[in-house]
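Input: a single structure, listed below in structure tokens.
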Amino acid sequence: MTSRRLAQGGLIDRSRPIRFTFDHKSFAGLAGDTLASALLANGRMLMARSFKYHRPRGVVTAGASEPNALMEIGERGRRDANSRATMVELYDGLFAVSQNRWPSLAFDLGAVNGLAASIFVAGFYYKTFMWPKSFWEKVYEPLIRRAAGLGRASHEPDPDAYEKAYAHCDVLVIGSGPAGLMAALAAGRAGARVIFADEGSRLGGSLLAEREEIAGDSGFAFVAATLAELEALPNVTLMPRTTVFGWFDGNVFGALERVNKHVAVPPAHEPVERYWRIIAKQAVMATGAEERPLVFGGNDKPGVMQASAIRAYVNRYAVTPGARAVVFTNNSSGYRTARDVLAAGIDVAAIIDARDGGTETHAAGVPLIADAVVTRVVGRERITGVNVLKGGATTADRIEADFVAMSGGWNPVIHLSCHKGDKPVWDAERACFLPPSSTPGLIPVGAAAGALTLSQCLKDGSAAGARAAGLAGFKATSIAVPETRDDEPYSIRPLWHVRQSTAKAFVDFQNDVTLEDIPLAAREGFNSIELVKRFTTSGMGTDQGKLSNINASGILAEATGRTVPEIGTTTFRPFYTPVSFGALTGAFRATHYQPVRKTPLHEWCEEMGAVFMEAGLWLRSAWFPKPGEDWRAAATREVMAVRQSVGICDVSTLGKIDLQGSDATALLNRLYCNGFSTLQPGKARYGLMLREDGFLFDDGTVSHLASGHYFITTTTANAGRVMSHIEFCHQALWPELGVQYVSVTDQWAQIAVAGPNARRVLERVIAEDLADAAFPYLGAQAVTVAGGIPARLFRISFSGELAYELSVPADHGNHVARLLMSEGSGFGIVPYGVEALSIMRIEKGHVAGGELNGTTTPEDLGLGRMVSRNKDFIGRMMGEREALKAGNRDVLVGVKPVEPDHQLRAGAHLLTRGAVASLDNDQGYVTSVAWSPMLRQWIGLALLKRGRERHGEIVQVYDDLRNSRMLVEVTHPCFYDRENLKLHG
Amino acid sequence: MAEMASQTQRSVPLGAILTAGRYGAKGPDGPGVTLRLRHPLSIVTVMARKGRAEALAAALRDGFGLALPGPGQSTAAQDLALRWAGPEQWLAIAEGGRDGDLHQRLTAALADTASLVDQSQGRVAIVIAGPRARAVLAKGTAVDLHPSRFRPGQVAMTQMAHVGIHLAQSAPDVFELLVFRSFAESLFEFLIAMAAEYGYEVVSRE
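Chains as they are written, first to last, in my numbering: chain G, 2 to 986; chain X, 553 to 758.
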């Protein structure tokens, strides 16, 4: 193919060729190229197929708004779909594949859709694939998805690292064109902390794309000199390759930094992208303006481009899209393109101006056809010319050209300023929407604020930088504005579409929305622009209508006899341009998805061969298998050892709170439904906490360590919630109480020692008298372990055995556990895990998470006697509600399969024997199950309607989800040692 | 003797993953940060009893020559530092960590004015220092750590990698993170992942 690289000029490095592949063919570009400019330089105009009609498409823009040239970049796990070739910097080994075509870009079978275009109008899918209903999921949707998709997501894990970071500044300057550069310089010189961010690979914005003269030198030179000064300022941080994508409350801006998207593989240890939250006192929005396409027949053909994009390719990348241009414009911009293209030695066939004639400097020797429109672009893969219709004429003239520059005017890039919900303001003179009238914390400036001349941008930028620094508390004045040549005045006459078009004219390129679709939507009754967007998909997709939205509003206005400001715009929302899921995830993926909490006994548990399970964020030892044992065999052996002799278990995950103060007892009395006034120092008591609504919240123990000093334990699951609850109650409800409390969950390694020989083992490591008389059931006291470790011992039991919980400072946990194992070896001591713990508590009918499930009251669980009638406490009033006192509630029972080898499962429902399975007949459900080593069969706890009256009844277990039905006998919830003889042993 | 033995057999937090050495990128200017564990360390939560904050301040001044620091601040005198940790709540920190030593010392002087709770082994102190320490921390906390905003001696209660931390700048470019012990490994893994691009050195305990 012909090389389209110009012999001179541009910001590319002709000495550094770069190899890349596109659709598996090898190409060469130059350092400084984007993928789009490199493809153009190689004469590749065809870059994509369109979404719906599979029409051939080329690049339209040279920047962030590109709707067409979307590609898959990278291989395997690094593949990024829908990458804009205009934003992809070229690097050695870049691997790009076109999308949305089959079998190839040049020959795409999907293009037959175009032949049937008359039926694929807006709303086609909504209307056509409604019947038969079952076909939608099975037939239509998969077909449509394949035919009308964008790029493919990779199904392999991304090997690169992503991260997030926070930044703070006095002044954030967004956009590095003339206004942004001056703003950053003014704020920087004033001493403000400045962050200067731009989505481009180089800072300089539009100055990199235009032929300008500033202070007697080129625009490029002005950029270089200004950046050099900014770089030297220690208070200024330059952030190229950083897209500020959203404006949020608190003047927080979201930004995506493409740290290593310009290399094939990021350097070792570096992230590929970084997601920034920038907290700015003030921001200057110098985001420039986006050139509107014109809507005319064949405006989507490869080679029809924004006039400004053509200047960028010619001036910055030294690339021309073709050999002979034609310019179609309704404003001044087209003339500038004609001049720049001519200056690069490329022929310009004509300027077609929809206005009666502008005042612009005419490009020498180029015919100007005023009061005329292009009705059709001619040519298939390559453009051969355009049909031009002059005002009043009835037949069009053909003008030969192989690329078309179009300019429909300018849309200030106002997205960020509208992210908080304020509406943009219509400016009739410039035919564009300007930022909302008031944007506290954000100063729109330059083209983004409607200044469309260079001198104005430089001047306003300087003033905005000084103003922002001033508002941030710095003494600042505008800096001197460099000289520029006389500006060309901007004038425009809106042209929302070419009525006389003789071929399909596109409003939204990415979504294949045509000129006909929008009036059709209006005729269907969708006459608000938001509804038009949903009905036609105009303005959806990766570009979110950056090129199409205002034209769509203009066309809808004409179709419905309203004005553009009456129509307004669709809602601007973050993100300004797409942000990868990787960046949103940051470092928090796979095992780092959430933090992992380890107990101080983790090392010991590992030594003992523990299998760990996740319990919330915690890793807990679930069981300790010996060779050949599965979980059930291990847990069974552990239970038997505890019930017959002794075992130890890591219970460090229990929430622990230290409570002190003159009103500590009063606080406990209000928090718990049972009373603590009679709890003497040296004693522990089981406590129940209710929610305000009277349902059970949490259970645990409260130990009275010394007068006015308590140690509270909570369940593992509710540790954080209970702490927050206490803080809320104290701070909001009873600030008058003299209490101090703090979490000590992590300070203590807590070991349960349980079994008939528990005392004998503990006596070998603790000097204090542990005899029943000295240290009875529910004792709580300070002890010394191993002759020197200050510890606390509690005689409490979850297993129903003679049991203790021993707390030692965390560093000592592993050592003390090892010591207990060696001192207990003569008793056959075993470590036991959460499984054995759970089996034993179910055998004893002790409630846990399955029963404390937010729907139960103390009475439901047989704990009604714990509810004090002599004091007020949280949950008392609401707990008196009729429904909570009703006699037909589901209450705690035990269930035992009639056939002992039948396996119960938690969640199964209960039905009266013989009853049909229905919601009306539902009698309750199974909450916890275990295979009981003591009963040698499955047992369960359940919540059963009027359960306490039904002990001995045979009921049905119904679990069709797991295809399980059986008969069970309703029993007392305590299956083992109901007299609690062992507890006191 | 037994008491001595009990102190030598203590586990060191992060023991499983903290190995001295140079890691990550190796630039010409040396590691961007160094990471170190302070252990053993004595940490006691000091909570003023109701209406007794002024008396507590006086007791600290008389007993230790220490002023009670205001929100976001810390004070230090000789071997004892006080760091603000919430309304009328502070962390007292001292080198050395024999069980209960600091708690006993403070109890003797402050029991009338404050509730004191030993947290020495419930919190892990990770020190991160060096020219890129702020850059590493900025990947985790929303606190502005610019030298003009967060000076040596300042503290903050914040969050990093979904974990609550107590952050202090103990000297210029030297930051100390106090984290609940159970989260310490997770937080350390996050820190070294974020530090890798600048190169980091893990320094063994003295």
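Just so it is clear, CB atoms sit at the ideal spot from N, CA and C, and this is done for glycine as well.
- request: Identify which residue in X:Ser594, X:Ala720 and X:Glu640 has its Cα closest to the Cα of Asp631 of chain X.
  value: Reading the second sequence from its first residue, position 79 is the one you call residue 631 of chain X. Checked all of X:Ser594, X:Ala720 and X:Glu640; the closest Cα to Asp631 of chain X is X:Ser594.
message: Taking only three categories from DSSP, how would you classify Asp614 of chain X?
response: Along the second sequence, read from residue 1 onward, the residue named residue 614 of chain X stands at position 62. Helix at Asp614 of chain X.
field: Beta-carbon separation (whole angstroms), Ile19 of chain G vs Tyr92 of chain G, contact threshold 8 Å
entry: In the first sequence, counting from the first residue as 1, residue 19 of chain G sits at position 18. In the first sequence, counting from the first residue as 1, residue 92 of chain G sits at position 91. Contact flag correct, Cβ pair sits at about 7 Å.
- request: Determine, using beta carbons only, whether Gln595 of chain G comes closer than 8 Å to chain X.
  value: Taking the first sequence and counting its residues from 1, one reaches residue 595 of chain G at position 594. It does; some Cβ of chain X falls within 8 Å.
- prompt: Would DSSP call Met553 of chain X helix, strand or coil?
  reply: Here residue 553 of chain X corresponds to residue number 1 of the second sequence, with the count starting at 1. With a pLDDT of only 38 at Met553 of chain X, under 50, the local geometry of the prediction cannot be trusted, and the value read off the model is given with reservation. Coil.
query: Is Glu555 of chain X close to chain G, meaning its C-beta is less than 8 Å from at least one C-beta of that chain?
result: In the second sequence, residue 555 of chain X corresponds to position 3, counting from 1. In this prediction, Glu555 of chain X has a pLDDT of 49, which is less than 50 and means its spatial position is unreliable; what the coordinates show is noted afterwards. Closer than 8 Å: yes.
field: Residues sharing a beta bridge with Glu164 of chain G, DSSP
entry: Reading the first sequence from its first residue, position 163 is the one you call residue 164 of chain G. Answer by DSSP bridge pairing, in chain order: G:Arg275.
message: Whether or not the region 465 to 472 of chain G and the region 294 to 311 of chain G are in contact is what I'm after, with contact meaning three or more pairs of Cβ atoms, one per stretch, closer than 8 Å; do they touch?
response: no
query: Can you name the residues of chain X whose CB is closer than 8 Å to the CB of Pro791 of chain G?
result: Along the first sequence, one-based indexing puts residue 791 of chain G at 790. Going along chain X in sequence order, the residues near Pro791 of chain G (Cβ under 8 Å) are Asp651 and Gly652.
field: Span of the beta strand (DSSP E) around Ile370 of chain G
entry: Looking up residue 370 of chain G in the first sequence gives position 369. Start and end: Leu369 to Ala371.
message: Can you find the residues in the same chain that come closer than 7 Å, C-beta to C-beta, to Arg601 of chain X, ignoring five residues on each side of it along the sequence?
response: Here residue 601 of chain X corresponds to residue number 49 of the second sequence, with the count starting at 1. Excluding residues within five positions, the ones whose Cβ falls inside 7 Å are Thr665, Ala666 and Ser667.
- request: Measure the CB-CB distance between Gly11 of chain G and Asn316 of chain G and report whether it falls below 8 Å.
  value: For the purposes of this step, residue 11 of chain G is taken as the residue at position 10 of the first sequence. For the purposes of this step, residue 316 of chain G is taken as the residue at position 315 of the first sequence. Yes; because the gap between Cβ atoms is below 8 Å, this pair is in contact.
- prompt: According to DSSP, what are the bridge partners of Glu401 of chain G?
  reply: If you number the first sequence from 1, residue 401 of chain G lands on position 400. Per DSSP, G:Gly386.
query: What residues from chain G crowd round Arg562 of chain X, counting only those whose CB sits closer than 8 Å?
result: As a first step, residue 562 of chain X must be located in the second sequence, where it is residue number 10. Residues of chain G passing the Cβ test: Asp812, His813 and His816.
Neighbour flag for Asp659 of chain G against chain X, beta carbons, 8 Å: Here residue 659 of chain G corresponds to residue number 658 of the first sequence, with the count starting at 1. For Asp659 of chain G, the answer is yes, since a Cβ of chain X falls inside 8 Å of its Cβ.
task: Under 9 Å between beta-carbons, which chain X residues line up against Arg194 of chain G? List them in chain order, please.
output: Counted from its first residue, the first sequence places residue 194 of chain G at position 193. Those are His698 and Ser700, listed as they occur along chain X.
- prompt: Ends of the beta strand (DSSP E) at Asp14 of chain G?
  reply: Against the first sequence, residue 14 of chain G aligns to sequence position 13. Element bounds for Asp14 of chain G: Asp14 to Phe23.
- prompt: When the cut-off is 8 Å and only beta carbons count, does Thr600 of chain G lie next to chain X?
  reply: One-based indexing of the first sequence puts residue 600 of chain G at position 599. True, the Cβ-Cβ gap to chain X drops below 8 Å.
- request: Identify which residue in G:Gly206, G:Tyr959, G:Gly474 and G:Glu764 has its Cα closest to the Cα of Gly825 of chain G.
  value: As a position in the first sequence, residue 825 of chain G is number 824, starting the count at 1. The residue with the shortest Cα to Cα distance from Gly825 of chain G is G:Glu764.
message: Excluding the 5 residues flanking Met867 of chain G on each side, which residues of the same chain have their C-beta closer than 7 Å to its C-beta?
response: Against the first sequence, residue 867 of chain G aligns to sequence position 866. So the qualifying residues of the chain are Cys674, Asn675, Leu689 and Pro859.
message: Can you confirm whether Tyr167 of chain G, when its beta carbon is compared against all beta carbons of chain X, has any partner nearer than 8 Å?
response: As a position in the first sequence, residue 167 of chain G is number 166, starting the count at 1. Output row for Tyr167 of chain G: interface = yes.
- request: Kindly list, in the order they appear in chain X, the residues whose Cβ is closer than 8 Å to that of Gln283 of chain G.
  value: Taking the first residue of the first sequence as 1, we reach residue 283 of chain G at position 282. Simply none; closest approach about 15 Å.
message: Under 8 Å, with one C-beta from each stretch per pair, do the region 175 to 194 of chain G and the region 231 to 239 of chain G reach the 3-pair mark?
response: yes
- request: Please work out which residues of its chain come closer than 7 Å, Cβ to Cβ, to Asn550 of chain G, disregarding the five sequence neighbours upstream and downstream, and give them in chain order.
  value: What you label residue 550 of chain G is simply residue 549 of the first sequence in a count that begins at 1. Correct list, in chain order: Gly540, Thr570 and Thr571.
- prompt: What alpha helix (DSSP H) runs, 4 residues minimum, are completely inside the region 702 to 734 of chain G?
  reply: 720 to 729
- prompt: Expressed to the nearest angstrom, what Euclidean distance is found between the alpha-carbon atoms of Thr564 of chain G and Gly555 of chain G?
  reply: Taking the first residue of the first sequence as 1, we reach residue 564 of chain G at position 563. Taking the first residue of the first sequence as 1, we reach residue 555 of chain G at position 554. Their Cα atoms are separated by approximately 8 Å.
message: What does the Cβ neighbour count give for Thr376 of chain G, buried or exposed, with the cut at 16 atoms within 10 Å?
response: Position 375 of the first sequence, counted from the first residue, corresponds to residue 376 of chain G. Thr376 of chain G comes out buried.
Chain G contact residues for His714 of chain X, given Cβ-Cβ distances below 7 Å: Here residue 714 of chain X is taken as the residue at index 162 of the second sequence, counted from 1. Residues of chain G passing the Cβ test: Gln595 and Pro596.
- prompt: Hey, Ala685 of chain X and Phe727 of chain X are a contact pair by Cβ (cut 8 Å); roughly how many whole angstroms apart?
  reply: Along the second sequence, one-based indexing puts residue 685 of chain X at 133. Along the second sequence, one-based indexing puts residue 727 of chain X at 175. Sure, about 5 Å apart at Cβ, within 8 Å.
field: Partners in chain X for Gln751 of chain G, counting only beta-carbon separations shorter than 8 Å
entry: Numbered from its first residue, the first sequence carries residue 751 of chain G at position 750. Those do not exist, as Gln751 of chain G stays about 12 Å from chain X at its closest Cβ, beyond 8 Å.
- prompt: How about Asp747 of chain G: is its C-beta nearer than 8 Å to some C-beta of chain X?
  reply: Position 746 of the first sequence, counted from the start, is the residue given in the question as residue 747 of chain G. So, interface residue.
Which of helix, strand or coil DSSP assigns to Glu954 of chain G: Translated into the one-based positions of the first sequence, residue 954 of chain G becomes position 953. Here Glu954 of chain G sits in coil by DSSP.
message: Less than 8 Å between the C-beta atoms of Ala154 of chain G and Ala225 of chain G, yes or no?
response: The count along the first sequence starts at 1 and reaches residue 154 of chain G at position 153. The count along the first sequence starts at 1 and reaches residue 225 of chain G at position 224. The answer is no: Cβ separation not under 8 Å.
message: Below 9 Å on C-beta distance, what does Glu274 of chain G contact in chain X?
response: Within the first sequence, residue 274 of chain G is the residue found at index 273, counting from 1. None at all; the shortest Cβ gap to chain X is about 13 Å.
- request: Note down, in chain order, every chain X residue with its Cβ under 7 Å from the Cβ of His270 of chain G.
  value: Position 269 of the first sequence, counted from the first residue, corresponds to residue 270 of chain G. Those are Gly576, Ala577, Ala748 and Glu749, listed as they occur along chain X.
- prompt: Given that Glu824 of chain G touches chain X, what residues does it touch there, using C-beta distances under 7 Å?
  reply: Here residue 824 of chain G corresponds to residue number 823 of the first sequence, with the count starting at 1. Neighbours of Glu824 of chain G on chain X: none; closest Cβ ~14 Å, over 7 Å.
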